[in-house]
Amino acid sequence: MPAPAHLFPLIRNCEIGRICSTVCYCHRKHLCCFSSHFAHGHFRCAPQRKFAALCRPKENFNQFIHARDYASTPQRFYLTPPQVNSILKANEYSFKVPEFDGKNISSVLGFDSNQLPANAPIEDRRSAATCLQTRGMLLGVFDGHAGCACAQAVSERLFYYIAVSLLPHETLLEIENAVESGRALLPILQWHKHPNDYFSKEASKLYFNSLRTYWQELIDLNSGETTDVKEALINAFKRLDNDISLEAQVGDPNSFLNYLVLRVAFSGATACVAHVDGVDLHVANTGDSRAMLGVQEEDGSWSAVNLSYDHNAQNEHEVERVKMEHPKSEEKSLVKQDRLLGLLMPFRAFGDVKFKWSIELQKRVVESGPDQLNDNEYTKFIPPNYHTPPYLTAEPEVIHHKLRPQDKFLVLATDGLWETMHRQDVARIVGEYLTGVHHQQPIAVGGYKVTLGQMHGLLTERRARISSVFEDQNAATHLIRHAVGNNEFGTVDHERLSKMLSLPEELARMYRDDITIIVVQFNSHVVGACQNEEL
Amino acid sequence: MMFLRLLSDVRWRAANPRWRRMTCSRRSTSSTAEPHPISLPAQAQVVICGGGIVGTSVAYHLSKLGWKDIVLLEQGRLAAGTTRFCAGIVSTARPVSIELKMADYSNKLYQQLEQETGIKTGTRSTGSISLAQTQDRLISLKRIASSLNVMGIPCEIITPKQVAQLHPLINIHDLVGAMYVPGDALVSSADVSLALATAASRNGVQIHERTSVSHVLVQKGRVTGVETDRGQISCQYFVNCAGQWAYELGLSGEEQVSIPVHACEHFYLLTYPLKEPLASSIPTIVDPDGRIYIRSWQGGILSGGFEKNPKPLFTEGRNQLEIQNLQEDWDHFEPLLSALLRRMPGLEALQIMQLVNCPETFTPDMRCIMGESPTVQGYFVLAGMNSAGISYGGGAGKYLAEWMVNGYPSENVWPLDLKRFGTLQSSRTFLRHRVMEVMPLICDLKVPRWDFQTGRQLRTSPLYDRLDAQGARWMEKHGFERVKYFVPPGKDLLDLDQSKTFYKPDWFDIVGSEVKCCKEAVCVIDMSSFTKFEISSTGDQALESLQYLFSNDLDVPVGHVVHTGMLNEKGGYENDCSIARLNKRSFFMISPTDQQVHCWAWLKNRLPSNSSLTMEDVTWKYTALNLIGPRAVDVLSELSYAPITPEHFPSLFCKEMSVGYANGIRVMSITHTGEPGFMLYIPIEYALHVYNEVMNMGQKYGIRNAGYYALRSLRIEKFFAFWGQDLDAFTTPMECGREFQVKLEKGMEFIGQEALLEQKQNGVYKRFTMFILEDHDTDMDLWPWWGEPIFRNGRYVGKTTSSAYSYTVERHVCLGFVQHFDEKTGEELVVTTDFINQGEYEIDIAGQRFQAKAKLYPFSSLFTHRRRKDEMELSDLTGKR
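Protein chains in written order, with this note's numbering: chain Y, 572 to 1106; chain L, -10 to 870.
The following block contains the structure:
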């Protein structure tokens, strides 16, 4: 007889609900902390949440009224499970790394990604690509604010900057010569895109020229040293942000493009990017999206390892950094209400020139800019206590991690996920989804007094936790289903899910944020083999 | 001495209440230290391996039949393994007739065993109630009830209200009806097994526990002994009753015997007694729609079931000791527990005692495995009880004992014969996948024409892909894929699950148009699965041997084809085949697909073993295409540039000729349907070429593909009997109107001749008859299948063996055997032509009787009406695809 599970003493104490293992318990606690989340939603119901003080009063008022309507007369209309699924699956994408004869095998098996909009249009972006001239795969999530222009631009451009930063000198030369002589270029990236992930055609020439300038400089700077991934990531982030800023200052004769580059620069975006090459995993993060590693412990259970630090007011080091960069006189006004200058939630971001340029530069650009820009209250507004810009940087923090066989997957997600789910739950839900195994203690009666009815109740509950797994073919979709539909028992509640998804556009943002998720699955065999080689 | 020890052992067990409670702890620790008191004998006539219900039953019946020199070896203790853990339900409600007979016999045997041996077997007739939650389920119960009733087993279809009266705990709100079998019983399975062992040992059978057989010794294809961990025993017969270890034991010897069984975990629940303990006489409940059974057990209940997602185990083969340590899996049991509480909501407060995990052994087709190995003489098998070991154990043991003692059992056991499987159907992967389908099938609705979905595409014709691309739907026989029918492009059939019906199936019109094309133009059916042997010799040995083995005269001119039976001593059909004389000294023999193993073994054991005679299995060498229809002759003559008119190529002829570019195609003027046409036996490398040529050339004659359903409709309306369906080892040519295929005066003795001569003089006791259903509405009424009782003037006279809708007479046609029972004594009387012709007949389909017209000869002409010129229309000018 195996060691009896320690379940039934609990049943005797009539606490069946607690039997669902400690994980379940944890989750409830987590939800409790967040139960106030919805109330907060009203308080910061600005259309662009990250600028709490900047909301347009009229609209805000209307929304508030709507919200009250909603609260007093809940909608009777529910979505059917297929309708729910079609909403959840609209943006899902999966990529499996092809294997050829076991040669050149990748430590990445593939990835699942998905996003669920709350803003209309969605302000999150995602990117995934394989580097063709170097080894490795790039994956990133980008959370835009004050519009989606900056997130869109970063999602299109950042990986090129990274790839170029990683290229050896000879390859850069070869590419430059090809451009010079009008020959076909070496491809740098193989994109893995969902049909909804668009690239802007209009700006592509402008973007190319900026990128070319970058590699020309790299060629001139040729240090002869091999490229360090960490350095390359930092350089690429900074360079792209710099280019965004410059393009806005210079402007473009084409009025459409001119307006575009200004929108990109005046909006903002966080970025969380992973570069995987063999056992080397680098995560470069700017802002409050997050990367998390799913680790399977020896007993089969799942745990989470953070691979990024949030750049926001909750991060003491980050607050410290900001304070160090500015005179002591500004100490009090730098961080107010957990926001940078009382306005911005992430402490690092692309774009957002309002927090980077001097007041003079801002005024000059806005005045010489197109009328649309001039009419916009937001762009004309100068943050209070704005004395020693820049207050904001796009420089990422890079964490390097050597993959181990027990590292099964990586989750990159925007804060829309992390504010509804604890990372430990994310690790468990994805882990159980990917392995198809639900780590539940087996039940044994082992001499305790249990009735058929009690056992039935217990089993039904355990089953409910498992059944939601089989609806999804995509780990990211599965995670979103849980993020939006989880009840206090950590199981998906269809009614709740249906309510959350049927919120009208203008209300959705109050109850949830845009969610974007990429789940990268690692090939433990390859990782193990690489590890041995290195030893 | 042996006997005494055993008896004391039995007494100890009966007196020990702990043991009777089936607790999970390793049992009988108190007696484990016992040394082996008796050494093994050096030799015996029979060695039986396995001391479960099956092994003890075989020993019991062998000793009853007078064989005394028998040793039974058990690796652990008697009645261990599955027997000890099983639920002990004897249920006679079985859809297959032979299984029904076995269960009925077992039930009667167990009832009197206590009296015979003095050992308490815990047998009590509680009766059983099978519940129906759907109308379809009720139909299937009614079908079983019909066959139980004609067997004389009391049984009735009852209403939900009556169910509630019989069993107070049952929730009846979702029931549409039920079947009540009052004679079904509960037994203590281990005690039954011990009682059988005791009776056997009184008859002289030696029983040795804790003795495991390592392998069986074989010389020249015969069993000579067994090697055990306690020494060797030489013997003439070995019986493998090793249950879930039968497979491994079969492979352990040098000469391997493949026994396709695989174990699955099986769970049932034991509870403490109810507040008001459940009466021990309360009927057993079977709720197939809920996939569960519920019986009373010591005032509480015992309830288990057959889940949709079984857990196969021991795929890699394991040590048997692990069976004790299998774990309970409550999450796996959850659906069955839900079904239990739905059926008996009052049990919510009942306290659980234990969830028992008791592995059961399953076979690839849900029927047990019985009989002699085709490769090793004297090696018998009885295993794979599909969790009905108690129900079948008694009867199966009896049939196997008869088989060993008399050479053949007293009933047709072909459906259970080991030889229905080839070695190719016993790969471990195949078995693992198949048993996962078989175990749920125990509770699934069994509808006509069901095909297994797992373990498919094992053997295929070279044309498989071509046919599949043209809409072929497949069934499987002996591992070979065969086309059922072709779904025309743009037409969709129902999903697999929805297509289950007892009524008119969705392919009705599709097959109808295939049949029409066979009648009016020409169709191609790929019949490559047929078993094909070549037998040749240097001299006349081949002819001489075959003349002895077959009832028809094979001394025909070269190029003739002969339909003949391969009969046993009683004149019954062991095989029904077509034999072509290729030249003076070699013959080409075509048999049904599932004859591959059986026929080979039969011939091997009877043909002289000298080197001048060779037999080769050429099944895999030829692709067979059947060209059926009046236009077949046109297609073939255009492709071969040879005259194929009836003058040049009469019926029942065989010629090698060229078709298209390909040479050496064996063309025979037979179609197995009674329609005009040809069988083409094509060396496989030409198969695709010949098929393409035929289809291209046939276009202008309206050629199309057809499948076996069309073939079946054609052959049944022509009153053609098929072996394995209509014909079996208990049917003689005299009984099915085939005297013309028997040449009693061919000047040579042949097997079965005496029996046939006797029959010719005395008359037959059953007669193959064709029935045309008169008042049957094809669209609205239940369809006949096979196994329906036949009534003559209101009295039961036999059962149908096959049926099909005849698109030509637009009626259902059933084939079956009519017997004549004396009205008073029930004695079987001779069946005369007058007896057949002078009766009013009815066929019972699930309790509903339909009038039927009996015929002893096929319709003289089944020509479709010739269309008049003015009835022609444009659509007649278009291809029939």
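Heads up, the beta-carbon is just placed ideally off N, CA and C, and yes, glycines get one too.
For residue i, three-class secondary structure by DSSP
i, result
"residue 873(Y)", "strand"
"residue 535(L)", "helix"
"residue 927(Y)", "coil"
"residue 691(L)", "coil"
"residue 210(L)", "coil"
"residue 1104(Y)", "helix"
"residue 780(L)", "strand"
"residue 521(L)", "strand"
"residue 759(Y)", "coil"
"residue 229(L)", "strand"
"residue 101(L)", "helix"
"residue 650(L)", "coil"
"residue 678(L)", "helix"
"residue 591(L)", "helix"
Sequence-distant residues of the same chain with beta carbon closer than 8 Å to residue i, five excluded per side
i, result
"residue 722(L)", "540, 554, 556, 560, 562, 728, 730, 731, 745"
"residue 667(Y)", "680, 681"
"residue 786(Y)", "735, 738, 743, 746, 747"
"residue 300(L)", "253, 254, 318, 321"
Close beta carbons around residue i, own chain, < 6 Å, minus the five adjacent residues each side
i, result
"residue 277(L)", "432"
"residue 355(L)", "375, 427, 430"
"residue 552(Y)", "This structure cannot speak to residue 552(Y), because chain Y is shown only from 572 to 1106."
"residue 403(L)", "717"
"residue 765(L)", "801, 839"
Residues that residue i bridges to, as DSSP identifies them
i, result
"residue 848(Y)", "851(Y)"
"residue 257(L)", "293(L), 345(L)"
"residue 1092(Y)", "681(Y), 980(Y)"
"residue 683(L)", "Its beta-bridge partners do not exist; DSSP assigns none."
"residue 943(Y)", "The partner list for residue 943(Y) (beta bridge, DSSP) is empty, contrary to what the question assumes."
"residue 274(L)", "118(L), 283(L)"
"residue 701(Y)", "708(Y), 761(Y)"
"residue 842(Y)", "713(Y), 857(Y)"
"residue 301(L)", "253(L)"
Close beta carbons around residue i, own chain, < 7 Å, minus the five adjacent residues each side
i, result
"residue 434(L)", "125, 126, 129, 489"
"residue 955(L)", "With chain L covering only -10 through 870, there is no way to say anything about residue 955(L)."
"residue 928(Y)", "960"
"residue 295(L)", "280, 428, 429, 431, 432"
Heavy atom of the ligand SAM within 8 Å of residue i beta-carbon
i, result
"residue 462(L)", "Questions concerning the ligand SAM fall outside what the structure shown contains, since it holds no ligand whatsoever."
message = Output needed in chain order: residues of the segment 735 to 768 of chain Y with a Cβ under 9 Å from some Cβ in chain L.
response = none
query = Where are the alpha helix (DSSP H) runs, 4 residues long or more, that stay fully inside the segment 527 to 574 of chain L, in chain order?
reply = 530 to 538
ask   = When you check each C-beta in the segment 1014 to 1026 of chain Y against every C-beta of chain L, which residues fall closer than 8 Å?
value = 1014, 1015, 1016, 1020, 1021, 1022, 1023, 1024, 1026
inquiry  = Closer than 9 Å between beta carbons: that is the criterion. Which residues of the segment 318 to 330 of chain L meet it against chain Y?
reply    = 318, 319, 320, 322, 323, 324, 326, 327, 329, 330
Positions along the segment 1053 to 1081 of chain Y whose CB lies within less than 7 Å of some CB in chain L = none
query = Of all the alpha helix (DSSP H) runs that stay within the bounds of the segment 12 to 86 of chain L, which reach a length of 4 or more residues?
reply = 42 to 53, 70 to 74
message = Residues of the segment 154 to 183 of chain L in Cβ contact with chain Y at a cutoff of 9 Å, in chain order, please.
response = none
message = Could you tell me which whole beta strand (DSSP E) segments of length 3 or greater appear in the segment 852 to 919 of chain Y?
response = 861 to 867, 873 to 877, all fully within the segment 852 to 919 of chain Y.
query = Unbroken alpha helix (DSSP H) runs of length 4 or more, entirely within the segment 356 to 415 of chain L: which are they?
reply = Counting whole runs of 4 or more residues, the segment 356 to 415 of chain L contains the alpha helix (DSSP H) stretches 378 to 395.
The segment 797 to 814 of chain Y: positions lying closer than 8 Å to chain L by Cβ = Taking 8 Å as the cut-off between beta carbons, none of the residues of the segment 797 to 814 of chain Y comes near chain L.
ask   = Along the chain, which unbroken stretches of the alpha helix (DSSP H) at least 4 residues long are found entirely within the segment 728 to 756 of chain Y?
value = 740 to 751
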